[in-house]
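Participant:
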Amino acid sequence: MTDSSSLVHDLLRLEAEALAAIAAAGAPAALEVVRVEYLGRQDGKVSRLLRHLGSLPVEARPAVGAEANRVKGVLQEALEQRASAPELMGPEVDSMSAADLTLPARQPWTGARHPVTRVVDEVCEIFRALGFTRVRGPEVETEWYNFVALNTPLDHPAADEQDTLYLDEGMLLRSHTSPVQIRTMEGHDPPIRVVAPGWVYRRDSYDPTHTPAFLQLEGLAVDEGITFVDLKATLAEFARRFFGEDTQIRFRPSFFPFTEPSAEVDVKRIVIRPDGARVETDWLEVMGAGMVDPAVLENVGYDPERYTGWAFGMGTGRLALLRHQVPDLRLFFESDMRFLSQLGGDSA
Ligand code: DAH
Numbered sequence: 004m005t006d007s008s009s010l011v012h013d014l015l016r017l018e019a020e021a022l023a024a025i026a027a028a029g030a031p032a033a034l035e036v037v038r039v040e041y042l043g044r045q046d047g048k049v050s051r052l053l054r055h056l057g058s059l060p061v062e063a064r065p066a067v068g069a070e071a072n073r074v075k076g077v078l079q080e081a082l083e084q085r086a087s088a089p090e091l092m093g094p095e096v097d098s099m100s101a102a103d104l105t106l107p108a109r110q111p112w113t114g115a116r117h118p119v120t121r122v123v124d125e126v127c128e129i130f131r132a133l134g135f136t137r138v139r140g141p142e143v144e145t146e147w148y149n150f151v152a153l154n155t156p157l158d159h160p161a162a163d164e165q166d167t168l169y170l171d172e173g174m175l176l177r178s179h180t181s182p183v184q185i186r187t188m189e190g191h192d193p194p195i196r197v198v199a200p201g202w203v204y205r206r207d208s209y210d211p212t213h214t215p216a217f218l219q220l221e222g223l224a225v226d227e228g229i230t231f232v233d234l235k236a237t238l239a240e241f242a243r244r245f246f247g248e249d250t251q252i253r254f255r256p257s258f259f260p261f262t263e264p265s266a267e268v269d270v271k272r273i274v275i276r277p278d279g280a281r282v283e284t285d286w287l288e289v290m291g292a293g294m295v296d297p298a299v300l301e302n303v304g305y306d307p308e309r310y311t312g313w314a315f316g317m318g319t320g321r322l323a324l325l326r327h328q329v330p331d332l333r334l335f336f337e338s339d340m341r342f343l344s345q346l347g348g349d350s351a
């Protein structure tokens with residue numbers, strides 16, 4: 004016959020043993036092993052001990068049963084508490100407990116204009132101060148506006164499929180912003196002073212100084228008595244205002260079907276070394292320009308005996324390269340925030 008005091012004694016021993024095992028369990032799986040070992044229905048140590056209850060005298064059974072229930076309750080609670088201990092919770096809570104709450108908060112991203120967009124706005128602002136209005140035209144154009152009206156016959160190499168991205172039925176993605184010259188002159192009489200920024204598209208390479216799509220900016224001035232001197236003086240003044248007082252530009256003779264004479268305009272590239280020294284390097288071509296060809300004026304119904312004008316088309320990405328001393332146009336297309344935010348920004 005089992006006596007009740009030795010059963011209670013064994014229960015208390017199991018309780019202490021189980022509490023120690025629970026405290027020592029270092030992982031949820033180990034804790035489950037402990038639970039099954041002590042509280043398992045069939046084979047748990049507490050259940051096994053209670054099988055001896057039947058051999059106790061009837062009047063001794065309730066007290067031992069009550070003690071057994073108390074021990075089960077204590078162990079159950081200890082198991083639950085241990086399960087929610089930080090070192091037994093998943094990795095998420097783990098890293099939370101490792102978080103350094105003294106780290107400075109991350110700056111919220113407030114948004115900014117892209118560096119090339121800022122250049123476009125700045126160029127337009129400089130020309131606004133010189134009396135020019137900002138206008139725009141469609142990116143899908145007809146052959147008439149993109150080529151023919153600009154004195155460029157369709158058998159000219161520029162109209163070739165090698166260079167131009169054609170759509171259906173004589174439509175194309177404009178290869179330059181010059182068609183906005185035609186649209187402006189068709190809609191208005193002289194005097195004309197406009198700048199027209201916008202996207203243009205070509206079958207071009209993707210390299211440090213070329214991209215198949217880029218933001219070009221057209222300029223046009225038409226009036227009585229306009230000469231090449233006005234063109235040179237205006238562009239030199241623009242370069243000084245955009246790049247700084249001592250900026251050098253040069254005109255090289257060139258050819259465009261819609262200007263006569265024509266020029267290509269280069270800006271001297273200046274590199275600031277880490278020690279702050281300014282080093283002049285190569286010339287970078289930033290625009291084409293020239294006197295509007297009389298045939299173009301005739302195409303829009305202007306009298307070329309009375310009116311003359313000049314025009315230019317500049318690559319704004321290249322201006323941004325010079326402005327920020329960035330070596331590769333492609334960086335402007337990659338939308339890498341670390342790069343873009345290095346160029347400064349605004350919250351416009
Ligand atoms: N449209 C020319 C191009 O995309 C650039 C250009 C040259 C524009 C001379 C002009 C100009 O207005 O006068 O290459």
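Be aware that the sequence shown starts at 4, since it is given in the working numbering, and climbs by one per residue.
Even glycine gets a Cβ: it sits at the ideal position worked out from N, Cα and C.
So the candidates are F315, A314, D296; which of them puts its Cα closest to the Cα of E308?
Facilitator: To locate residue 308, count along the sequence shown from 1; it is residue 305. The shortest Cα separation from E308 among F315, A314, D296 belongs to D296.
Participant: Shortest alpha-carbon distance to P211 belongs to which of L324, R64, A86?
Facilitator: In the sequence shown, residue 211 corresponds to position 208, counting from 1. Nearest C-alpha to P211: L324.
Participant: Considering D355, what are the terminal residues of the alpha helix (DSSP H) in which it resides?
Facilitator: The shown model of the chain, from 4 to 351, leaves out residue 355, and the question about it has no answer.
Participant: Tell me which residues share the same chain as T284 and place their Cβ nearer than 6 Å to its Cβ, disregarding the 5 neighbours each side in the sequence.
Facilitator: Translated into positions along the sequence shown, residue 284 becomes position 281. Closer than 6 Å at Cβ, skipping near neighbours: R272, V274.
Participant: DSSP puts I252 in a beta bridge; with which residues?
Facilitator: Counted from its first residue, the sequence shown places residue 252 at position 249. In the DSSP output, where bridge partners are listed per residue, I252 has V270.
Participant: Restricting to Cα atoms, I'd like to know which of L56, E20, A32, A19 is closest to L10.
Facilitator: As a working mapping, residue 10 is identified with position 7 in the sequence shown. Closest by alpha carbon: L56.
Participant: Need the endpoints of the beta strand (DSSP E) that I195 sits in, please.
Facilitator: Walking along the sequence shown from the start, residue 195 turns up at place 192. Where I195 is concerned, the enclosing beta strand (DSSP E) stretches over 195-204.
Participant: Apart from the five residues on each side of it in sequence, which residues of its chain come closer than 8 Å, Cβ to Cβ, to D306?
Facilitator: Walking along the sequence shown from the start, residue 306 turns up at place 303. Answer for D306: L300, listed in chain order.
Participant: Look at L218 and G114 and say whether their C-beta atoms are less than 8 Å apart.
Facilitator: Mapped onto the sequence shown, residue 218 falls at position 215. Mapped onto the sequence shown, residue 114 falls at position 111. No.
Participant: For the alpha helix (DSSP H) that contains M188, what are its first and last residues?
Facilitator: Walking along the sequence shown from the start, residue 188 turns up at place 185. Taken as a continuous stretch (DSSP letters only), the alpha helix (DSSP H) holding M188 covers 182-190.
Participant: Kindly indicate which residue of R341, Q251, A30, R16 has the alpha-carbon position closest to the one of E288.
Facilitator: As a position in the sequence shown, residue 288 is number 285, starting the count at 1. Of the candidates R341, Q251, A30, R16, the one whose C-alpha sits nearest the C-alpha of E288 is Q251.
Participant: Only counting the same chain, and skipping five residues up and downstream in sequence, which positions put a Cβ closer than 8 Å to that of T180?
Facilitator: As a first step, residue 180 must be located in the sequence shown, where it is residue number 177. If we look at T180 and ignore the five residues flanking it on each side, its Cβ neighbours are G140, A199, P200, G201, V203, Q219, L220, E221, G316.
Participant: Counting C-beta neighbours from all protein chains within 10 Å, is the total for M4 16 or more, i.e. buried, or is it exposed?
Facilitator: Against the sequence shown, residue 4 aligns to sequence position 1. At M4 the pLDDT is 49, less than 50, meaning the model places this residue with poor confidence; the figure from the coordinates comes in the next sentence. Counting Cβ neighbours within 10 Å, M4 comes out exposed, since fewer than 16 surround it.
Participant: Please report the distance separating the alpha-carbon of S350 from that of L332.
Facilitator: Counting from 1 along the sequence shown, the entry for residue 350 is found at position 347. Counting from 1 along the sequence shown, the entry for residue 332 is found at position 329. Here the model assigns S350 a pLDDT of 47, short of 50, so the residue's position is not dependable and the matter cannot be decided.
Participant: Since I believe A81 is in contact with L22 (beta carbons under 8 Å), could you give me their beta-carbon distance rounded to a whole number of angstroms?
Facilitator: Taking the sequence shown and counting its residues from 1, the one referred to as residue 22 is at position 19. Taking the sequence shown and counting its residues from 1, the one referred to as residue 81 is at position 78. 6 Å between Cβ atoms; contact.
Participant: Here's a check: name, in chain order, each residue in its chain whose Cβ is nearer than 7 Å to the Cβ of R38, leaving out the five neighbours to either side.
Facilitator: As a first step, residue 38 is located in the sequence shown; it is residue number 35 there, counting from the start. Correct list, in chain order: L82.
Participant: In whole angstroms, what separates the C-alpha of R186 from that of Y148?
Facilitator: Sequence index remark: in the sequence shown, residue 186 carries index 183 (1-based). Sequence index remark: in the sequence shown, residue 148 carries index 145 (1-based). For R186 and Y148, the distance between alpha carbons rounds to 8 Å.
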